[in-house]
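A.B. asks: Protein chains in written order, with the numbering used here: chain S, 6 to 117; chain F, 120 to 234.
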Amino acid sequence: GDSVTQMEGPVTLSEEAFLTINCTYTATGYPSLFWYVQYPGEGLQLLLKATKADDKGSNKGFEATYRKETTSFHLEKGSVQVSDSAVYFCALVSGSARQLTFGSGTQLTVLP
Amino acid sequence: NAGVTQTPKFQVLKTGQSMTLQCAQDMNHEYMSWYRQDPGMGLRLIHYSVGAGITDQGEVPNGYNVSRSTTEDFPLRLLSAAPSQTSVYFCASSTNGRLQYEKLFFGSGTQLSVL
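Shown next, in the form of structure tokens:
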């Protein structure tokens, strides 16, 4: 079945540091890939997505590129802020499936 | 525009009790779903619905019932609560369930403890 593997957390960075959160996947066919973010006490929000190989999703300074050859969708940001502290989830949907398959989430804490 | 509204935010139950978690959306979305979030396991789908009168099971449906009598509401029922159902529950909706292209809108969650 489909699965998503995320780098283990928690991750702690200083403000303005470079962020990478690794995500790899196993899926049949050509899935769509997503990053969702969960701020403290809130539900998940879509951060960015990519629906085909080599697509780059971007939003709020975050980027991720759909790499079919390495089955990866790593999240990056060049300069993190304290307000980026949250839990980040990588997820996928295969074809016409009616559910997202989520990774286990990575807790990010950014210190001033 | 309220989006997806879940009630209650917190609930404590004793083993064997029943309860209903409420979910309502005001975006006229056809697709609604329930996930549970457990530490180290991400989110797992419990049940989903693609329209009024239509429901289907997700990855972890045992111990839960759902119904969809209106487009707006999608309640989740625990018939006889067990400690294994201690979790955070999220309701999520999308326009028509074409999840490879649409985003999911999540409620703020219900934290449930079963003693």
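For glycine and all other residues, C-beta sits at the position ideal for the given N, C-alpha and C. Computed from a prediction, not measured in an experiment: that's the story for all the values here.
#1: If contact is defined by three or more beta carbon pairs under 8 Å, each pair taking one atom from either stretch, is the region 27 to 42 of chain S in contact with the region 190 to 206 of chain F?
#2: Whole angstroms is fine: what's the gap from F:Ser227's alpha carbon to F:Asn184's?
#3: Between which two residues does the beta strand (DSSP E) containing F:Leu198 stretch?
#4: Between the C-alpha atoms of F:Glu178 and S:Val87, what's the straight-line distance to the nearest angstrom?
#5: In the DSSP output, what is F:Phe193 paired with across the bridge?
#6: Once DSSP output is grouped into helix, strand and coil, what is the label at F:Gln230?
#7: Can you find a CB in chain S that lies within less than 8 Å of the CB of F:Leu231?
#8: Return helix, strand or coil for F:Asp175, following the three-state DSSP convention.
#9: I'd like to know if F:Gln144 contacts chain S, where contact means its C-beta is closer than 8 Å to some C-beta of that chain.
#10: From the DSSP output, in three-state form, read off S:Val85 for me.
#11: Anyone know if the C-beta pair for F:Tyr208 and F:Thr189 falls short of 8 Å?
#12: In angstroms, rounded to a whole number, what distance separates the CA positions of F:Gln176 and F:Tyr150?
#13: Helix, strand or coil for F:Gln141 per DSSP?
#14: State yes or no: is the beta carbon of S:Gln104 nearer than 8 Å to at least one beta carbon in chain F?
#15: Would DSSP call F:Gln136 helix, strand or coil?
#16: Please confirm whether F:Ser186 has its beta-carbon closer than 8 Å to some beta-carbon of chain S.
C.D. replies: On the basis of the coordinates in this document:
#1: no
#2: 21 Å
#3: Taken as a continuous stretch (DSSP letters only), F:Leu198 belongs to no beta strand (DSSP E), as it is neither H nor E.
#4: 35 Å
#5: In the DSSP assignment, F:Phe193 is bridged to no other residue.
#6: strand
#7: Taking Cβ atoms only, chain S never reaches closer than 8 Å to F:Leu231, which makes this a no.
#8: strand
#9: No, because no Cβ of chain S sits closer than 8 Å to the Cβ of F:Gln144.
#10: Note: S:Val85 maps to coil in three-state DSSP.
#11: No, the pair does not count as a contact, with Cβ atoms beyond the cut-off.
#12: 13 Å
#13: strand
#14: yes
#15: coil
#16: no
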